[in-house]
Structures are given as structure tokens and as C-alpha cells.
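Novice: Line order of the protein sequences matches chains A and B. The first sequence maps to residues 1 to 152 in this note's numbering. The second sequence maps to residues 153 to 254 in this note's numbering. We put the CB at the ideal spot given by N, CA and C, even for glycine.
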Amino acid sequence: MTDAERALAEMHARRAQVVETGLVPQWYWAAVGGLMILFVVAIESGIPWLIATGSIAYALGLGAMIALVVRKAQVQVRYELLGARGILTIVGFAAVLIAVGLALGFALDSQGVPFPATLAMLPVAAGMTLGGPRLMAHLRTLMLSRPLAGSR
Amino acid sequence: MNRFDELIHAPTRLSLVSLLAATEWADFRFLRDSLGMSDSALSKQLTTLEEAGYLEIRKSFVAKRPRTSARLTANGHEAFAGHVAALQEIVARAGKSVVPPL
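(1) In angstroms with no decimal places, state the Cα-to-Cα distance between Met153(B) and Ala149(A).
(2) Quick one, which of Ile43(A), Tyr28(A) and Val41(A) has its alpha-carbon nearest Ala67(A)'s?
(3) Please identify, using Cβ separations under 7 Å, the residues of the segment 169–190 of chain B that lie next to chain A, in order along the chain.
(4) Just mark Tyr79(A) as buried or exposed, buried being the case when its beta carbon has 16 or more other beta carbons within 10 Å.
(5) Of all the CB atoms in chain A, is at least one closer than 7 Å to the CB of Phe156(B)?
(6) Got a sec, what are the start and stop residues for the alpha helix (DSSP H) Ser221(B) sits in?
(7) Could you confirm whether any beta carbon from chain A is found closer than 7 Å to the beta carbon of Leu201(B)?
(8) State the Cα-Cα distance for the pair His12(A) and Ser170(B), rounded to the nearest angstrom.
(9) Taking the alpha-carbon positions, what's the Val75(A) to Glu208(B) distance?
(10) With 7 Å set as the bound, which would you pick, yes or no: does the beta-carbon of Val24(A) sit closer than that to a beta-carbon of chain B?
(11) Residues in its own chain within less than 6 Å of Glu241(B) by CB, not counting five upstream and five downstream?
(12) So with CB distances below 7 Å, who are the chain B contacts of Arg78(A)?
(13) Is there a C-beta anywhere in chain A that falls below 7 Å from the one on Ser167(B)?
(14) I want to know whether the segment 45–53 of chain A touches the segment 195–214 of chain B - three or more CB-CB distances under 8 Å.
(15) Considering only their Cβ atoms, is the gap separating Leu142(A) from Gly86(A) smaller than 7 Å?
(16) Can you tell me whether Gln197(B) is buried or exposed, with buried defined as 16 or more other CB within 10 angstroms of its CB?
(17) Is Ser151(A) helix, strand or coil when you go by DSSP?
(18) Measuring straight from C-alpha to C-alpha, what distance separates Glu158(B) and Arg15(A)?
(19) Counting C-beta neighbours from all protein chains within 10 Å, is the total for Pro116(A) 16 or more, i.e. buried, or is it exposed?
(20) Note the first and the last residue of the continuous beta strand (DSSP E) segment covering Thr132(B).
(21) Nearest to Val32(A) by alpha carbon, out of Val41(A), Met65(A) and Ile51(A)?
Shown next as C-alpha cells:
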């Protein structure tokens, strides 16, 4: 391996290191999914004190998780690496989960099924837990496929 | 555009600039730990790059804690891109393809 090849390999390796560090951790997706279920259960219970407690717990829990992720973030991956395709993938992932949740919730409600929102939230939370890490894996592959420089 | 950059090519700075080229900004601790350098050694390399106009250092507060971070300037990104192109040209001239490692 020549010196130039070694240098290019080092550049690729360091970029991979940055991408790996910049991804949202796996635990975040499951934690948000769990919080969402607890929140919807509290709201759908119709019990005032449970609604209030659930809302506050959700807001505090979500805020704490986001703060933890931001505080632990040591790098901000360059936007050009994510690109329009990466952003569209993220938006699409969120849109699918929202669509599934709403469609299922309204469908269950129209059938008179009890606790339709809670039941509809279950596949959404599962989608976040299982899909979040897959989304990150996809974004990792996408970002590492970009040229090192020049075509940005 | 192709410009072999001696300043960037020095081994430690090559790794440092490669890390920064993939970021909007990077935390001082991340750079130090990733490169296995001491605070003073990293500060020296950052200062060298800063004096060349390739890098800027930012001090801020996150959750009331001081945080030092660094980012490449437009000149730094341009120099890195030129250096990558120069290296790729060297490899291409040697008749080898440039394939990212898996």
C-alpha cells in the first residue's frame, strides 16, 4: 500500500468514526416508544390526575432524553453527508409511523374498540424500537457512500 | 483544485482534519480521545491549523458546562478537498482504483 493509499484509507476510517459517533443511540428509540405508550395510556384513561401526571412525565422524560443525547453529542456530522436523500428518509420514517398510528387509531375507534389510541400506539412504538436502529444503519451506509470531498 | 497539502498530510494532522472534514463541529474531547493525544499536543495541532486559516475554535456552554469545539473553515474544507483530489490522482496514476474500505 502506497503512502497516498494509506492516507485515503485513514480519511475513510476517520469519517466512519465520526458517522458512528454522530448516530442516535439505540436505547433512545425504545425509550421514546415506551414514553409514548405511557403518555397515550394516561390520556386515554380519562382520569384527570393520571392525565396530568402522564403529561408532565412525558414532557419531562422526553426533555431529559433529548438533553442527554445533546449533552453527550461530541460531534455534529456534516449536513452534506446526510444530504437530501437522508433527510427525506428520516421524514418518510416519521410520516409512515404517524400515518400508521392515525389510521389504526381511527379505524379501531370507528369499530368501537376500547382504548383505540393505546392499541394504535403499540405498533408505532414497536416501529420506533425496531425501525429506529434500522434507520440509523441505513443513514450510516448512505453517509459512508459519499465521496470524501470535492463533489459536495 | 488538486493540491497536495503538506500541512494536512502530516500524520496526526491528516487524522485530525479527516475527522473535522466529516463534521460541522467536533468536541475537543472527542478529537483528543479519538486521536489518543494529550490536551497540550492536540491544542498545539489545532493552533497550527488555526494559524493557517484552516480551522476555528469555538468555546460555548452546554448545560452550563464549558465546551470547546473545533470546525474546519471554508479554506480548510477547500484544502482538504484539494488534498483528497491530489491523493486520488497519485493513486490513479499508479494504476490503482480508489475503493473505500468496507
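Specialist: Looking at the atomic coordinates:
(1) In the second sequence, residue 153(B) corresponds to position 1, counting from 1. In the first sequence, residue 149(A) corresponds to position 149, counting from 1. Straight-line Cα distance between these residues: approximately 11 Å.
(2) If you number the first sequence from 1, residue 67(A) lands on position 67. With distances taken between Cα atoms, Ala67(A) lies closest to Tyr28(A).
(3) Ser170, Leu171, Ala173, Ala174, Thr175, Glu176, Trp177, Ala178, Asp179, Arg181, Phe182 and Ser186
(4) Taking the first residue of the first sequence as position 1, residue 79(A) is located at position 79. Answer is exposed; the Cβ neighbour count stays below 16.
(5) Locating residue 156(B) in the second sequence gives position 4, where the first residue counts as 1. Not one chain A Cβ lies under 7 Å of Phe156(B).
(6) One-based indexing of the second sequence puts residue 221(B) at position 69. Element bounds for Ser221(B): not the alpha helix (DSSP H) but the beta strand (DSSP E), Arg217 to Leu224.
(7) Here residue 201(B) corresponds to residue number 49 of the second sequence, with the count starting at 1. No - not a single Cβ of chain A is within 7 Å of the one on Leu201(B).
(8) Here residue 12(A) refers to the residue found at position 12 when the first sequence is read from its first residue. Here residue 170(B) refers to the residue found at position 18 when the second sequence is read from its first residue. Looking at the two C-alpha atoms, the distance is approximately 8 Å.
(9) For the purposes of this step, residue 75(A) is taken as the residue at position 75 of the first sequence. For the purposes of this step, residue 208(B) is taken as the residue at position 56 of the second sequence. Their Cα atoms are separated by approximately 15 Å.
(10) Along the first sequence, read from residue 1 onward, the residue named residue 24(A) stands at position 24. So, not an interface residue.
(11) Here residue 241(B) refers to the residue found at position 89 of the second sequence. Taken in chain order, the residues that qualify are Asn154.
(12) Here residue 78(A) refers to the residue found at position 78 of the first sequence. Ordered by position in chain B, the residues that pass the 7 Å Cβ test against Arg78(A) are Ala174, Thr175 and Glu176.
(13) As a first step, residue 167(B) is located in the second sequence; it is residue number 15 there, counting from the start. Yes, Ser167(B) lies at the interface with chain A (some Cβ there is under 7 Å from its Cβ).
(14) no
(15) As a working note, residue 86(A) is residue 86 in the first sequence. As a working note, residue 142(A) is residue 142 in the first sequence. For Gly86(A) and Leu142(A), yes; Cβs fall inside 7 Å.
(16) Walking along the second sequence from the start, residue 197(B) turns up at place 45. With 16 or more other Cβ atoms within 10 Å, it is buried.
(17) Here residue 151(A) refers to the residue found at position 151 of the first sequence. Note on Ser151(A): pLDDT 46, under 50, position unreliable in the model; the coordinate value appears next. The answer is coil: DSSP assigns Ser151(A) none of H, G, I, E or B.
(18) If you number the second sequence from 1, residue 158(B) lands on position 6. If you number the first sequence from 1, residue 15(A) lands on position 15. In a straight line, the C-alpha of Glu158(B) is about 20 Å away from that of Arg15(A).
(19) Within the first sequence, the letter at position 116 stands for residue 116(A). Buried, since its Cβ has 16 or more Cβ neighbours within 10 Å.
(20) Because residue 132(B) is not part of the residues shown, which for chain B are 153 to 254, the question remains open.
(21) Reading the first sequence from its first residue, position 32 is the one you call residue 32(A). It is Met65(A) whose Cα lies nearest to the Cα of Val32(A).
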